[in-house]
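In my numbering, the protein residues as written are 23 to 198. Single-structure report; data block below.
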């Protein structure tokens, strides 16, 4: 699929851009804390690009299809790729939370620069580095359940779309 190859290329470029942007920001603010979200983004975008360039990693097979089936195939790819990347996402978030806690132990406040990594209410987490790291780890613990429930809802939508697309074929079979 040309769409997945283009997506893989765009994701690789975004990963490199995120890493370079994090390094530039770290140099400008003279702190290493912007590198953490940049590294998280780099790892996740690179992994998703790998899955996009090799769809068999997400148990997706290429086959000739109509435009509607192609759209459903793309929806299916994104759902399966998200589920396939879930263990990596969990590990990266847990490692980022542990790093934030380590920074907090040595007196470096990284909580304000990591607001995008926290999936919990920010009023709880932005009081210091330690609580922010704990919130990131708690977010990592919620990710597998969230990913599974999202996958189920996504596949329900995909099944409904497949049923709608199969109606004309079934009507043609009834006429014969």
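Glycine included, C-beta positions come from ideal geometry on N, C-alpha and C.
Residue i, enclosing alpha helix (DSSP H) - first and last residue
{"i": "residue 110", "result": "108 to 127"}
{"i": "residue 25", "result": "24 to 51"}
{"i": "residue 70", "result": "57 to 75"}
Neighbour-count burial assignment, residue i, 16 or more Cβ in a 10 Å radius
{"i": "residue 128", "result": "exposed"}
{"i": "residue 109", "result": "exposed"}
{"i": "residue 80", "result": "buried"}
{"i": "residue 155", "result": "buried"}
{"i": "residue 158", "result": "buried"}
{"i": "residue 134", "result": "Caution is warranted here: a pLDDT of 47 is assigned to residue 134, below 50, making its placement in the model unreliable, and no coordinate value can be reported."}
{"i": "residue 190", "result": "exposed"}
{"i": "residue 186", "result": "exposed"}
{"i": "residue 22", "result": "Not covered by the structure: residue 22. The range shown for the chain is 23 to 198."}
{"i": "residue 119", "result": "buried"}
{"i": "residue 90", "result": "exposed"}
{"i": "residue 126", "result": "buried"}
{"i": "residue 24", "result": "exposed"}
Check whether residue i and residue j have beta carbons under 9 Å apart
{"i": "residue 111", "j": "residue 162", "result": "yes"}
{"i": "residue 88", "j": "residue 34", "result": "no"}
{"i": "residue 39", "j": "residue 72", "result": "no"}
{"i": "residue 77", "j": "residue 99", "result": "yes"}
{"i": "residue 27", "j": "residue 74", "result": "yes"}
{"i": "residue 70", "j": "residue 103", "result": "yes"}
{"i": "residue 49", "j": "residue 101", "result": "no"}
{"i": "residue 58", "j": "residue 121", "result": "yes"}
{"i": "residue 105", "j": "residue 169", "result": "yes"}
**Item:** the stretch 109 to 128 contacting the stretch 50 to 63, beta-carbon criterion three pairs below 8 Å
**Value:** yes
**Request:** Specify whether the stretch 42 to 54 and the stretch 80 to 97 touch according to this definition: at least 3 beta carbon pairs, one from each stretch, less than 8 Å apart.
**Result:** no
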